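Asks: Residue numbers (our numbering): 33 to 352. Built from N, CA and C at the ideal position, the CB exists for glycine as well. Fair warning: this is a prediction, and the values are worked out from it, not measured in the lab.
#1: Classify residue 280: buried if its beta carbon has 16 or more other beta carbons within 10 angstroms, exposed otherwise.
#2: Is DSSP giving residue 50 helix, strand or coil here?
#3: Check each candidate in 270, 93 and 126 and name the one with the smallest Cα separation from residue 317.
#4: Going by the DSSP bridge assignment, what does residue 194 pair with across the sheet?
#5: Run through DSSP, which three-state label would residue 253 get?
#6: Which of the three DSSP states is assigned to residue 61 in this structure?
#7: Closest to residue 108 by CA distance: which of 315, 213, 237 and 136 is it?
#8: Is the Cβ-Cβ distance between residue 197 and residue 147 less than 8 angstroms?
#9: Within 10 Å of its beta-carbon, does residue 342 have 16 or more other beta-carbons around it, so buried, or fewer, so exposed?
#10: At what residues does the alpha helix (DSSP H) containing residue 151 begin and finish?
#11: Cα separation between residue 80 and residue 73?
#12: On the three-state DSSP scale, how would you describe residue 93?
#13: So, does the stretch 286-296 touch the stretch 166-176, judging by three or more C-beta pairs under 8 angstroms?
#14: Which first and last residues belong to the beta strand (DSSP E) in which residue 202 is found?
#15: Considering only the alpha carbon of each residue, which of 219, 313, 328 and 60 lies closest to residue 97?
#16: Let me know if residue 255 comes out buried or exposed under the rule of 16 or more other beta-carbons within 10 Å of its beta-carbon.
#17: In the structure shown, what three-state DSSP assignment does residue 119 receive?
#18: Report yes if the CB atom of residue 319 is closer than 8 angstroms to the CB atom of residue 272, and no otherwise.
#19: Given a cut-off of 8 angstroms on the beta-carbon distance, is the pair residue 251 and residue 201 in contact?
#20: So, residue 140 versus residue 150, is the Cβ gap smaller than 8 angstroms?
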């Protein structure tokens, strides 16, 4: 089980967090074969000090093109340099892993070849409240971290297939990546930040892969974005999240599901618009941004549909 995964951290100015994340990787009972850090160059001095302090870690500086671009770069380097690794562990810098996090998830994914993506129970600092017990997709189609902010009373201690898991600490089966890749990207770089992980999970489910929640694997996630802090977040960051909700709907929502859930979806959108008009008008440009990006999202939707048709035709031919 050892030496079968590579870890990667995508960092945007969180150098103290990277130190703690690296320490938790070093403490893993199932150690990664290699560790990559892709940094956006916010502080060249801090980056140089971090690189000098960790000569066993592979560092790279790139322009800030969003979380997805950082993930895609790490996965490309793993393909080129660590091609025999079975899994990639993608991490935000504000994650500290329990020592058995990787061991538990590597074993769980090894026993379930249909699982493309997996994570564990993420806790908030202090380990009293849950940060994410996996991600669910309500009928209004706005993905939600399950139990976020609730006390951890072991109410989500069952291993299960689920809609999605957080990109803050996500294991990826590398054998699934060719199937999940669209337009040369595993993670959609049009999203830049937010909902790109749920978009990937949604696509995995459409294409027949499973997403696994394994609560025996735990980690602490500091998380900068929380509902109670929403209006203190940079408006441009919030606009990304707002816009990307529509992009992932365009790409992934199937027609029959849209019709089935339309009353809840429309009701939610009316509430969202009302909130924007009354409390958060800085979000209005996000509607226009979603319209501008919609043609590319529709093209990716067609690519997913084409892939599904090919799979169905192949299955039919084998049946004959």
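Replies: If we stick to the structure as given:
#1: buried
#2: helix
#3: 270
#4: Note: residue 194 sits in no beta bridge, so no partner.
#5: strand
#6: coil
#7: 213
#8: no
#9: exposed
#10: Under the DSSP assignment, residue 151 falls outside any alpha helix (DSSP H), being part of the beta strand (DSSP E) whose first and last residues are 147-155.
#11: 10 angstroms
#12: It is a strand residue.
#13: yes
#14: Residues 201-205.
#15: 219
#16: A residue is called buried once 16 or more other Cβ atoms fall within 10 Å of its Cβ, and residue 255 is buried on that count.
#17: strand
#18: no
#19: yes
#20: yes
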